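Presented below is the structure to which this report refers.
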Amino acid sequence: MANSLDRQLERWISAELVDASTAARIRTFEESQGSSERLRWPVLLAVALGGVLLCAGVLLFVAAHWDELSPAWRFTLVLFLVALFPIAGALTEERFPALSTTFYAIGTICVGAGIFLTAQIFNLQEHWPTGILMWAIGALAGWLILRHWTQAALLALLVPAWLAGEWEVRTEGFAVSNRLLTEGLLLMAITYLCSRTSGKDSALRRALAWIGGIALLPLGVWAFVEPNERWRLWGLLNRPGIPPLLRITGWAIAICAPLALAFVLRKSAAWTNAIAAVWVLVIGTFRGPYDETGGKLPIYAWNSLGPYFWAGIGALGMVAWGLLERRRERINLGVAGFALTVIIFYFSDVMDKLGRSASLIGLGVLFLFGGWALERARRQLVARVAGGTP
Numbered sequence: 011m012a013n014s015l016d017r018q019l020e021r022w023i024s025a026e027l028v029d030a031s032t033a034a035r036i037r038t039f040e041e042s043q044g045s046s047e048r049l050r051w052p053v054l055l056a057v058a059l060g061g062v063l064l065c066a067g068v069l070l071f072v073a074a075h076w077d078e079l080s081p082a083w084r085f086t087l088v089l090f091l092v093a094l095f096p097i098a099g100a101l102t103e104e105r106f107p108a109l110s111t112t113f114y115a116i117g118t119i120c121v122g123a124g125i126f127l128t129a130q131i132f133n134l135q136e137h138w139p140t141g142i143l144m145w146a147i148g149a150l151a152g153w154l155i156l157r158h159w160t161q162a163a164l165l166a167l168l169v170p171a172w173l174a175g176e177w178e179v180r181t182e183g184f185a186v187s188n189r190l191l192t193e194g195l196l197l198m199a200i201t202y203l204c205s206r207t208s209g210k211d212s213a214l215r216r217a218l219a220w221i222g223g224i225a226l227l228p229l230g231v232w233a234f235v236e237p238n239e240r241w242r243l244w245g246l247l248n249r250p251g252i253p254p255l256l257r258i259t260g261w262a263i264a265i266c267a268p269l270a271l272a273f274v275l276r277k278s279a280a281w282t283n284a285i286a287a288v289w290v291l292v293i294g295t296f297r298g299p300y301d302e303t304g305g306k307l308p309i310y311a312w313n314s315l316g317p318y319f320w321a322g323i324g325a326l327g328m329v330a331w332g333l334l335e336r337r338r339e340r341i342n343l344g345v346a347g348f349a350l351t352v353i354i355f356y357f358s359d360v361m362d363k364l365g366r367s368a369s370l371i372g373l374g375v376l377f378l379f380g381g382w383a384l385e386r387a388r389r390q391l392v393a394r395v396a397g398g399t400p
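Just so you know, the sequence shown maps onto residues 11 to 400 in the numbering used here.
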């Protein structure tokens, strides 16, 4: 099921027209740059939107007729959906590779739906994260066979979801916050984002960078907010604590898994990910202005203003990271993170101390002049990375 380029390169190697190293360089160039026959973005947008709508339509159709079907027909329908789209992908691979890739991706999505629908048909009350693990194994098998970036993107989403589900189930009944989950997922998002470098780029790395870029800011905000949710922990004080072995295992996976993936993707350049891991772990040291009993903590300034300072350091660090490796998306995200930090600080610590009119005037000045200054700085930095002039 290799694509047409791989088959052509194999024939050229067999005919001794090119050697293996030359074929590898040709494959890398085509993956990073694309060919002259590369589809334009309206076609790609239509194919992607069509795939999403097709998935939604299939799920709605199954949901509408599910109660009317017997268990045998339900299982037959599940098997039919799982087999239909890979067959459609194989039939359209030669004539329309983009559509074939979409069909294969829909097939992998249907595998997950089939796993959970089968469990519902036969009333299987099992460890539900195992279903996500089986789904991830299906995506891994699809990537190993097809080498499509869509399969790898699904795998990149399913593995963290499985790990998060395992942690939620295994810590059920214990007094625990979601700090481990938020920091682990934030580290993984940073790893995905930095998968693209000036020397290594491909469709798979671009997909990982998009996933990490979309998830980075929400997870960053969640990581700073989560340690301050003391009201949630007050109701759990009568529950036992997490066993030490489970806590150590969870933190080891949350920290080591993103760093190991960063080393696989970036090799010696992964030292910057280690610095990012230290920045993420420091977030958990902020406890808010009050402790669990309602008493005021002694280091009020650090616990109150420290999160904004540390978030600003992280945003500036992301900008510096983008300048170091000449990546525009990191500069854009760093500037966006800095702007979001200033806005949250104004709304939470400044606006309530001003009058109604003064707070609105200050907000307008912040948006007008602050936004203009940040956009001007962003354009200058992006122009420096691109090698042009501001």
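Heads up, the beta-carbon is just placed ideally off N, CA and C, and yes, glycines get one too. Just so you know, these numbers come straight off a predicted model, no measurement behind them.
- Item | Residues near residue 271 by beta carbon distance below 8 Å, same chain, minus five either side | 198, 201
- Query: How long is the line joining the alpha carbons of residue 359 and residue 352, rounded to whole angstroms?
  - Reply: 10 Å
- Query: Hey, residue 68 and residue 87: beta-carbon distance below 8 Å or not?
  - Reply: no
- Item | 7 Å Cβ shell around residue 118 - same chain, five flanking residues per side excluded | 148, 149, 152, 161, 164
- Task: Output the distance between the C-alpha atoms of residue 290 and residue 171, rounded to the nearest integer angstrom.
- Result: 20 Å
- Item | residue 390, buried or exposed, once every other Cβ within 10 Å from all chains shown has been counted against 16 | exposed
- Contacting residues, own chain, Cβ-Cβ under 6 Å from residue 99 (five flanking each side not counted): 110, 113, 114
- Query: Can you give the Cα-Cα distance for residue 279 and residue 262, rounded to whole angstroms?
  - Reply: 21 Å
- Which stretch, first to last residue, makes up the alpha helix (DSSP H) that contains residue 253? It is not in any alpha helix (DSSP H) - residue 253 carries neither H nor E in the DSSP assignment.
- Item | Residue burial classification, residue 82 (beta-carbon count within 10 angstroms, cutoff 16) | exposed
- Query: At which residue ranges does the segment 340-385 contain complete alpha helix (DSSP H) runs of 4 or more residues, listed in the order of the chain?
  - Reply: 366-375
- Would you check if the distance between the CB atom of residue 328 and the CB atom of residue 316 is smaller than 8 Å? no
- Message: Using only CA atoms, which one of 273, 19, 215, 141 lies nearest to residue 175?
- Response: 141
- Might you give, ordered along the chain, the residues of its own chain that have their beta carbon closer than 8 Å to the beta carbon of residue 124, omitting 5 neighbours on each side? 88, 89, 91, 92
- Query: Can you check whether the CB of residue 395 is closer than 8 Å to the CB of residue 332?
  - Reply: yes
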